[in-house]
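*Asks:* Residue numbers for the sequence shown follow my numbering, beginning at 8 and rising by one. Using N, Cα and C, we set each Cβ at its ideal position, and we do this for glycine too. Just passing along the structure, written as structure tokens.
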Amino acid sequence: MSDVVERTLSVLPGLLGQHDLGVGLRGAGGPGRVSATSRLGSLIRSITALTSKHEEEKLIQQELTSLKATVSAPTTTLRLMKECMVRLIYCEMLGYESSFGYIHAIKLAQQGNLLEKRVGYLAVSLFLHENHELLLLLVNTVVKDLQSTNLVEVCMALTVVSQIFPREMIPAVLPLIEDKLQHSKEIIRRKAVQALYKFYLIAPNQVQHIHDKFRKALCDRDAGVMAASLHIYLQMIKESSSAYKDLTGSFVTILKQVVGGKLPVDFNYHSVPAPWLQIQLLRILGLLGKDDPRTSELMYDVLDESLRRAEINHNITYAILFECVQTIYTIYPKSELLEKAAKCIGKFVLSPKINLKYLGLKALTYVIQQDPNLALQHQMTIIECLDHPDPIIKRETLELLYRITNGQNVIVIVQKMLDYLKESKEEYAIINLAGKIAELAEKYAPDNEWFIQTMNAVFSVGGDVVHPDIPNNFLRLLAEGFDDGKEDNQLRIYAVQSYLALLKEEDALYPQKFLQVMSWVLGEYASLVTDVDPEVILTKLHSLLKKTYVTSETKVWLMAAVTKLASHTSSSMTVDKLIQEFSNSLDTCMRQHAFELKHLCEDKALMKSLLPFDASCNDIVVDASLSFLDGFVAEGLGCGAAPYKPHHQRQQEKLSQEKALNFEPYGLSFASSVSSSGITGRQSPAGLSFGSDTSGNSAETGHKETNTLKLEGVRKLWGKEGYLPKKESKVGKEDEPQTVSCGSLLAGQMGEPPVSQSDQVASLSEEDKEKQQLASTLFIGLGSSASVSLMGKADTATQKFKRKSKISATQSSEDVTDFQNSAASDFGPLLDTVPINMEGCEGSINTKLRKASLCSSDIVEDNTAFETSQSLKTSGLDDGLLDSRMSQSSLFDGNIEIFQPSPSSHCESASKIPLVLCLPEELEGLAHSEVVELCQSEDLALYFCKVWTDDSLLLTVFVSNKTTSAFNTVNLVFEETEHFQVLESPTYQFPVIEAQSVKLCQRCVWMDKFCTQGILSGSVSYQSEMETCLEFSITLSLLDFIRPMAMTTEDFGKLWLSLSNDVKQNIKLSSSEDSFSAALNTLQQKLKLHIVDIIGNEGILACQLLPSVPCLLHCRTHSGMLALWFRSPCSALPDGLLYQCQKVMEES
């Protein structure tokens, strides 16, 4: 570290220029002036010579006072300002605020020469964050420097853009940065790619239209530009790997060249060719080859070569080996590579170096799910790591044990975790480990007593730092219970008995969360224990209420427990005493609870009706509309009270009374000039007409073309290619796990080792005997013949505590209403939601499935849907499908990912659709896509069709029986996804499918979380010779969920003012779209936007994202350009629609 500081200090004088070294006392600064190097050096030497923090603060404050006076003086030259900035940077690095210099740093970047600009940009990048309001003053400077012919100025501007540029100012510089991708200098191209990577991280939808240029950057002749583009591709492939499968060969070729040393020597590090580039490429290949045999086959040779060449004993080669191992175990497996990777892991684990041992444990933890036997090979080393002096090694070892936990070794592993938890002082480690212990205890608990004792230990040792979900889930498990009511009561009785035993201990201090758990359990279930007098329990709770260490929040829990217990007793002296004591309490909350308890005790019938036994899971009907206040509201209005105004109306009135500042960026490509009369920042396009002059700096009027988005030569966005892996796995019948005989967990008693190892243990030392016994207990259940249960994998063993569902059909429908209400509250009061009746959720079926062998899928684009223009007709759906009325909508484009079977003779013969697939009569008149194949096997085939309605996307799945015998109980399941919501039950069961017949399933889908494109996966399972499961995947696009939104011009203006998220962009009109009306027709037909009004060369349009998220568009034409301005309550929706507009206008 000291070397870095010395090198930094040696370079600092270079920032000030070599000419400063010759400045004497009679230099340009006047008499008594010394050089900036001397001033900075003397400041550093003065600080290092100090002996206390107080002296340092005093010295820095004196320096800051002097600098403030200097930078504020009107006679300060730019050269002197540069020197002051360097000293301000040093003060900020020490942690002292110098905000008075921020504006001067921006001025220096705007006005200085190259050296002064450099210092100004450096200071700005260190002083400000990307959301700082002063960055608005820098936008015009950055735009000007990006247009400069000086390479240094362009580089400085690109560097600042890639570091701290705000999201809302991206449209101002995006066209200029796109142009820099074609620059002749490789450093400019590299920095432009880095800037676009920053844009992709903070606003991915704004750079979607230049994905083809990313591909050009990947194939750039300069290795630095190619390396910079890998950051973008790694991020995009993490989000959707199937869209970039076609680039696998390119990434493999690049990695071969890197490993072979074909890159310039400048990229080498300790004789290792471009190690960081290798790591980046290995991560990309791991994502592309996951569960994909065809793609993985392209990588095997280069991965083998990478393992072979990374044999140099250096830290950077260890990093490459670690990434190689992770990639090998991530992609589709190959036995030879797995053996080499296992040997590499063994070298890491057995290494005496702590860093390598940690890498080995990390790799072992990652691959243990794929190869459980690998842990058996190193079991003694893992046992030794449990007692390693380094806490990081111990923590990673516990993480490994957590991954191999099953019903046979859970007691021993949890005990090891508890031992470490008692020793640990780190809050993060306590939170993390407590959560894992609670998860293992709930999943693999052998009996009720062990479960309760383990959770008591977690609450006692974890204290108040444990995550709130742990006590909440524990109490919910006790309340919901299991499918066996007798077992529920046994668990609750044991919990009550254990807490009463803990409260008997005098002077025992328990964490507040543990006391809250105790009070809730005792209040709910103490009446189940018949051998304990309720008065005794009330006395214990009363004594806790008088403890000084008990917080006010915990006292509320205790008071609630006392109230519940009092409802089951006729009279209690303890309750009377408690009411008398706390009726005069200084704590207002406690005094209120005491009075409530007093009034309830006076009416026992009311008390029992309000506090029934075990009613914590009962549904509570809540009047969300607060209708009981209608009389009060009517009375207030009658007395002259002002009516309630929604938020958007109050905001509109506030804006109409005040002048708002214009926060639009300089040089923004949306060329408009707003009339000075009215509000500058929140104009309503319905009532204002935009001028034709160009906004921004007048000096830039000659650069109109560079401020607009250049779409010439940009191809249309390539479709997603790749497929979902198709596996065929047969799950055999596993042996029943054997019970491990263990003593009390908290006492630390361990069971006896297996008898089969007694002869081997006898010949070892006592320490080795203990390790062998521990290993036999920890790693029981791991092996080819044993039943393996790994965290993160499907566990066929029955879970001990499996909660039963107490949710009724009424509650399910209320959940839908809650979801719709929450969406409406998020997107403003003007949004409307459509009530949908939900079907009851079906129970899950626990079966062992065999996945059919499937081959790669293709992507079909419904381009014909864009060309169809139909009039909207009203039609109703089947009552069994959907109760609400839906009207017909027009076709939208979308990509459907098709899963075809492996190329074999029987699949080829069944590749054609054997039966005529038709929609029901009530759906035939609606707009729909073509029926395409999803997947098929020898017996069954799935086909798919989209139906677009006004309020949902209706998915219709056809299931065709190709055999000559009937299938009973065919289950179709849609998987839960982050972006989409299946409104009805995601599970559909066909009772029977006759031979050579077709059944269909219909489900309505909404977009739950915004995305431009997403995948809805599912599976269909049926019983033929054995249980078989076919997996499928459907690609849904944003346009599948966009619908026209009819409104008046007045409503448009009101809604426009209430929306804050907006995006502006200029699009060049093609020769076929010269007229404004033609452009509007294109947007209306292909994006299904509703044209609200047209005023001259301006138009306003509206649409909504299902279920009810509006998006408004104001557009106008000028000089062959179409200026678009989107606004929506959803921040990502304007970007997504802007991209779709660019796409359809380019295609037209």
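1) For the segment 423 to 440 and the segment 480 to 488, state whether three or more C-beta atom pairs, one from each stretch, are separated by less than 8 Å.
2) Is residue 997 helix, strand or coil when you go by DSSP?
3) Whole angstroms is fine: what's the gap from residue 45's alpha carbon to residue 88's?
4) Where are the alpha helix (DSSP H) runs, 4 residues long or more, that stay fully inside the segment 93 to 178, in chain order?
5) Contact check, residue 979 vs residue 1027 under 8 Å by CB: the rounded distance?
6) Are residue 997 and residue 1137 close, meaning C-beta to C-beta below 8 Å?
7) What do you reckon, are the CB atoms on residue 1047 and residue 1150 nearer than 8 Å?
8) Give every residue of the same chain whose Cβ lies closer than 7 Å to the Cβ of residue 769, excluding the five residues on either side of it in the sequence, and list them in chain order.
9) For residue 615 and residue 565, what's the separation of their Cα atoms in angstroms?
10) Leaving out five residues on either side along the sequence, give the residues of the same chain with a beta carbon under 7 Å from the beta carbon of residue 545.
11) To the nearest angstrom, how far is the alpha carbon of residue 991 from that of residue 935?
12) Should residue 601 and residue 586 be called a contact, given that it needs their Cβ atoms to be closer than 8 Å?
13) Tell me the DSSP secondary structure of residue 815 in three-state form.
14) Pairs of beta-carbons, one from the segment 321 to 341 and one from the segment 293 to 306, closer than 8 Å: are there three or more?
15) For the alpha helix (DSSP H) containing residue 210, list its first residue and its last residue.
16) Quick one: what does DSSP say residue 433 is sitting in, helix, strand or coil?
17) Excluding the 5 residues flanking residue 232 on each side, which residues of the same chain have their C-beta closer than 7 Å to its C-beta?
18) Can you tell me whether residue 1154 is buried or exposed, with buried defined as 16 or more other CB within 10 angstroms of its CB?
19) Taking 8 Å as the cut-off, decide whether the C-beta atoms of residue 1083 and residue 1124 are in contact.
20) Mapping DSSP to helix, strand and coil, what is residue 1030?
21) Going by C-alpha to C-alpha distance, which of 183, 491 and 649 sits closest to residue 147?
22) Classify residue 634 as buried or exposed, calling it buried when 16 or more other Cβ atoms lie within 10 Å of its own Cβ.
23) Exposed or buried, which one is residue 330 when buried takes at least 16 other CB atoms within 10 Å?
24) How would you label residue 100, buried or exposed, when you count the other beta carbons within 10 angstroms and need 16 or more for buried?
25) Does the separation of the CB atoms of residue 1128 and residue 1076 fall below 8 Å?
26) Could you work out which residue in 968, 599 and 927 is closest to residue 946 when comparing CA atoms only?
27) Could you say which of 1117, 230 and 1054 lies nearest to residue 1067 if we only look at CA atoms?
28) Evaluate residue 1106 with the Cβ neighbour count: other Cβ atoms within 10 Å of its Cβ, from every protein chain shown; 16 or more gives buried, anything less gives exposed.
29) Tell me the rounded alpha-carbon separation between residue 1091 and residue 1139.
30) Please state whether the Cβ-Cβ distance between residue 1142 and residue 210 is less than 8 Å.
31) For the putative contact between residue 97 and residue 144, defined by C-beta atoms under 8 Å, what is the C-beta separation to the nearest angstrom?
32) In terms of alpha-carbon separation, which member of 1094, 326, 377 and 1025 lies closest to residue 981?
33) Please state the DSSP three-state secondary structure of residue 934.
34) Are the CB atoms of residue 1009 and residue 1056 within a distance shorter than 8 Å?
35) Could you spell out the range, first to last residue, of the beta strand (DSSP E) harbouring residue 953?
36) Should residue 505 and residue 463 be called a contact, given that it needs their Cβ atoms to be closer than 8 Å?
*Replies:* With the given structure in hand:
1) no
2) strand
3) 16 Å
4) 109 to 118, 121 to 134, 146 to 153 and 158 to 171
5) 5 Å
6) no
7) no
8) Residue confidence is low: residue 769 scores 45 on pLDDT, short of 50, so the model does not pin down where it sits. Its coordinate-derived value is still stated next. Cβ neighbours of residue 769 beyond the five flanking positions: none.
9) 19 Å
10) 569, 572, 579, 581 and 582
11) 20 Å
12) yes
13) With a pLDDT of 40 at residue 815, under the threshold of 50, the modelled position of that residue is not reliable, and the figure given next carries that caveat. Here residue 815 sits in coil by DSSP.
14) yes
15) Where residue 210 is concerned, there is no enclosing alpha helix (DSSP H), given that its DSSP letter is neither H nor E.
16) coil
17) 193, 196, 197, 200 and 224
18) exposed
19) yes
20) strand
21) 183
22) exposed
23) buried
24) exposed
25) yes
26) 968
27) 1117
28) buried
29) 21 Å
30) yes
31) With 8 Å as the limit, residue 97 and residue 144 do not qualify as a contact, their Cβ atoms being about 24 Å apart.
32) 1025
33) coil
34) no
35) 947 to 955
36) yes
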